[in-house]
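All residue numbers for the sequence shown refer to this note's numbering, where the first residue is 164 and numbers rise by one.
No residue lacks a Cβ here, since even glycine has one placed at the ideal position from N, Cα and C.
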Amino acid sequence: MASLDLDALAARLPDRPLTRFAPSPTGYLHLGHVASAIHVWGIARALGGRVLLRLEDHDGGRCRPEYEAALLEDLEWLGLEPDAGAIGELRAGTSPIRQSDCGGTYDEALRRLIGAGDGGGQVFGCDCSRRDIAAEGGDQFNEETPYPGRCRERGLGIATGRGVRLRIEAGTERFTDALLGERVQRPAAQCGDLLVRDRRGQWTYQFAVVVDDLRHGVDLVIRGEDLLSSTGRQLRLGRLLGGARPPVFLHHPLITKPNGAKLSKASGDSGIRELRRAGVSPAAVLGRAAWLTALLDKPRELGVGELAG
Numbered sequence: 164m165a166s167l168d169l170d171a172l173a174a175r176l177p178d179r180p181l182t183r184f185a186p187s188p189t190g191y192l193h194l195g196h197v198a199s200a201i202h203v204w205g206i207a208r209a210l211g212g213r214v215l216l217r218l219e220d221h222d223g224g225r226c227r228p229e230y231e232a233a234l235l236e237d238l239e240w241l242g243l244e245p246d247a248g249a250i251g252e253l254r255a256g257t258s259p260i261r262q263s264d265c266g267g268t269y270d271e272a273l274r275r276l277i278g279a280g281d282g283g284g285q286v287f288g289c290d291c292s293r294r295d296i297a298a299e300g301g302d303q304f305n306e307e308t309p310y311p312g313r314c315r316e317r318g319l320g321i322a323t324g325r326g327v328r329l330r331i332e333a334g335t336e337r338f339t340d341a342l343l344g345e346r347v348q349r350p351a352a353q354c355g356d357l358l359v360r361d362r363r364g365q366w367t368y369q370f371a372v373v374v375d376d377l378r379h380g381v382d383l384v385i386r387g388e389d390l391l392s393s394t395g396r397q398l399r400l401g402r403l404l405g406g407a408r409p410p411v412f413l414h415h416p417l418i419t420k421p422n423g424a425k426l427s428k429a430s431g432d433s434g435i436r437e438l439r440r441a442g443v444s445p446a447a448v449l450g451r452a453a454w455l456t457a458l459l460d461k462p463r464e465l466g467v468g469e470l471a472g
């Protein structure tokens with residue numbers, strides 16, 4: 164794993180920087196989430212910073228109340244207490260740190276995007292399905308199929324049953340990842356015009372996460388390498404939404420299976436609930452996750468108080 168220069172990172176951040184842990188309750192917590200949490204809490208503590216807990220439940224078709232309840236219970240059991248976004252607040256009901264409770268916030272952000280363009284020309288309606296986009300083909304070596312611009316000039320308005328897209332013009336986005344170094348991305352080639360809201364009326368991850376990081380004042384985004392390709396488009400979207408200072412990004416390695424695939428909730432990989440039922444201690448779970456992501460040279464118990472080390 165690349166070495167993190169904490170002094171260099173601190174020089175790019177304000178005092179007591181805010182980072183966030185933002186899981187999606189689409190399944191039960193697994194060791195991959197714990198590894199990410201170790202990076203978030205550990206780096207925040209080493210910097211004298213703060214951790215915000217946020218629930219990214221924008222996908223109403225996959226998120227479930229029982230997954231949210233289990234996620235909060237597992238975090239408490241592990242001893243991972245946030246500095247902002249209290250677990251009790253989420254249990255109490257409606258909360259500004261739960262995406263499904265913030266539809267009005269995203270509506271307002273979309274209005275800002277429409278107002279920022281010439282007559283709303285940056286944003287357009289789109290009736291393409293995933294099948295339509297896949298049928299357009301694309302680069303077989305690209306990890307994702309970029310939107311081919313099928314509805315870009317059709318003049319479709321924003322209406323029920325249509326997706327909403329943001330025009331992404333050609334150009335590069337440059338940033339310095341705190342762990343991986345200098346990066347250059349080309350969002351127009353990678354993803355094409357960005358889907359903001361889908362045809363079911365659900366806000367997309369790419370849009371909601373940028374709006375949330377802006378409104379919460381997040382200074383440092385710590386997340387897995389699987390989200391590295393999202394960074395350039397999120398930087399561009401943040402500027403369009405009026406963000407004056409983008410967050411610093413840090414993408415950490417993932418825990419993978421022997422075949423190289425990443426762990427997933429859908430596959431039930433290394434679930435924390437199962438480890439708890441088997442009598443494994445919180446410190447042993449933290450230590451195992453840290454070892455699997457190469458933060459420890461061998462498995463051992465790791466207390467929450469050691470994370471800053």
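- In the structure shown, the three-state DSSP call for G468 is helix.
- For Q353, the closest C-alpha among the options I321, L390, A341 is that of L390.
- A residue is called buried once 16 or more other Cβ atoms fall within 10 Å of its Cβ, and V347, having fewer, is exposed.
- DSSP places V197 in the uninterrupted alpha helix (DSSP H) bounded by 194–209.
- Each of Q285, G212, G344, R330 was checked against the Cα of L167, and the nearest Cα belongs to G344.
- Separation of D237 and A333 (C-alpha to C-alpha, rounded to the nearest whole angstrom) is 43 Å.
- Taking L455 as the centre and dropping the five residues before and after it, the same chain places the C-beta of I418 closer than 6 Å to its C-beta, in chain order.
- For E316, there is no enclosing alpha helix (DSSP H), as DSSP marks it with neither H nor E.
- With respect to the 9 Å criterion, R208 and V381 are not classified as neighbours on the basis of their beta carbons.
- The shortest C-alpha to C-alpha distance from L438 to any of T268, Y191, A185 is the one to Y191.
- Its Cα nearest to that of E231, the residue S187 stands out among G211, A200, S187.
- Closest in C-alpha terms to A198, from the list L465, E464, G324, A452, comes A452.
- According to the DSSP assignment, E231 belongs to no beta strand (DSSP E) but to the alpha helix (DSSP H) extending over 228–241.
- Residue pairing by DSSP places L357 opposite L329 in a beta bridge.
- Counting the other CB atoms within 10 Å of its CB gives A185 a total of 16 or more, which places it among the buried residues.
- Taken through DSSP and simplified to helix, strand or coil, E336 comes out as strand.
- Pairing D178 with G211, the inter-Cα distance amounts to about 8 Å.
- Around A447, the same chain offers E464 as residues with beta carbons nearer than 7 Å, after the five sequence neighbours per side are excluded.
- Within 10 angstroms of the beta-carbon of P445 lie 16 or more other beta-carbons, which makes it buried.
- In the structure shown, L390 falls within a helical segment according to DSSP collapsed to helix, strand and coil.
- Taking D290 as the centre and dropping the five residues before and after it, the same chain places the C-beta of C314, L319, G324, R325, G326, R362 closer than 8 Å to its C-beta, in chain order.
- Among the bridge pairs identified by DSSP, G344 is matched with D340.
- Cβ neighbours of Q365 within its own chain (closer than 8 Å, five residues either side excluded): H221, D222, G223, G224.
- The three-state secondary structure of A352, taken from DSSP, is helix.
- For R402, same chain residues with a beta-carbon under 7 Å away, outside a window of 5 residues either side, do not exist.
- By the Cβ neighbour-count rule, R399 is buried, with 16 or more other Cβ atoms within 10 Å of its own.
- The straight-line gap separating the alpha-carbon atoms of E252 and S258 is approximately 7 Å.
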